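Novice: Following the working numbering, the numbering of the sequence shown begins with 3 at its first residue and continues without gaps.
Input: one structure, supplied below.
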Amino acid sequence: MSRRAKAKITFTQQAADDLNEIYEYSIERWSKRTADKYISDIDAAVQRIQDNPDLLVELPDLHVALRFYHLNKHILICDVDGTSIVVLTVASTYRDIPRLLAYLQPRLGQEVDILHKRARHPKRTK
Numbered sequence: 003m004s005r006r007a008k009a010k011i012t013f014t015q016q017a018a019d020d021l022n023e024i025y026e027y028s029i030e031r032w033s034k035r036t037a038d039k040y041i042s043d044i045d046a047a048v049q050r051i052q053d054n055p056d057l058l059v060e061l062p063d064l065h066v067a068l069r070f071y072h073l074n075k076h077i078l079i080c081d082v083d084g085t086s087i088v089v090l091t092v093a094s095t096y097r098d099i100p101r102l103l104a105y106l107q108p109r110l111g112q113e114v115d116i117l118h119k120r121a122r123h124p125k126r127t128k
């Protein structure tokens, strides 16, 4: 039985900003310990997705081309191209996801293309 190659996961600037906001909000609302635990849970989820990209699900009611992973009160919204996965945003389950995607789409399109290209053709180090 052949093993599937691990996916290469990258984050858009929006997704990185989302994680920072989640962390800061969690510190303010609960505690640094809770914030650290929540970010650790997200990191573990990303590792699971990297090892098994089929964990990302299609939700055609939200968007036909994107894939989603539900974690606690957030959804990782991803674009998949072969073994390249780009996390577009980490959204609260309380958000209007279709509206959020419509808002983000123009900004993220170019960045996603660049990130997928880098994943397919990584720079070689000397």
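All residues carry an ideal CB built from backbone N, CA and C; glycine is no exception.
These numbers come from a predicted model, not from an experiment.
On the CB-based measure, 16 or more other CB atoms within 10 Å of its CB, does VAL2 come out buried or exposed?
Specialist: The chain is shown from 3 up to 128; residue 2 falls before or after that span and cannot be answered.
Novice: Measuring CB to CB, does ALA17 end up less than 7 Å from VAL89?
Specialist: Yes, the pair counts as a contact, with Cβ atoms nearer than the cut-off.
Novice: Under a three-way DSSP split, which group does LYS75 fall into?
Specialist: LYS75 falls in the coil class under three-state DSSP.
Novice: With H, G and I counted as helix, E and B as strand and the rest as coil, what does DSSP make of ALA7?
Specialist: It is coil, neither helix nor strand.
Novice: Apply the 10 Å Cβ neighbour rule to ARG69 and answer buried if 16 or more other Cβ atoms are within range, or exposed otherwise.
Specialist: Buried is the call here.
Novice: Compute the minimum distance between the beta carbon of VAL88 and the heavy atoms of the ligand NAD, and state whether it is under 6 Å.
Specialist: Only the bare structure without any ligand can be found here, which leaves the ligand NAD out of the picture.
Novice: I'd like the list of long-range same chain contacts for LEU110, defined as Cβ closer than 7 Å, with 5 residues on each side in sequence excluded.
Specialist: Around LEU110: THR14, GLN16, LEU90.
Novice: Where SER4 and ARG35 are concerned, what is the direct C-alpha to C-alpha distance, given to the nearest angstrom?
Specialist: Because the pLDDT of SER4 is 43, which lies under 50, any placement of that residue in the model is unreliable, and the number read from its coordinates should be weighed accordingly. Near 40 Å, if we compare the C-alpha coordinates of ARG35 and SER4.
Novice: Please state the DSSP three-state secondary structure of ASP81.
Specialist: Residue state, collapsed to three classes: strand.
Novice: Who are the near neighbours of ARG31 in its chain, counting only those whose CB is closer than 7 Å to its CB and skipping five residues on each side?
Specialist: Excluding residues within five positions, none has a Cβ falling inside 7 Å.
Novice: Does DSSP put HIS65 in a helix, a strand or coil?
Specialist: Here HIS65 sits in strand by DSSP.
Novice: Find out if the Cβ-Cβ distance for the pair ALA7, ILE87 is shorter than 7 Å.
Specialist: Result no, Cβ atoms of ALA7 and ILE87 do not sit closer than 7 Å.
Novice: DSSP three-state call for LEU103: helix, strand or coil?
Specialist: Of the three classes helix, strand and coil, the one that applies to LEU103 here is helix, per DSSP.
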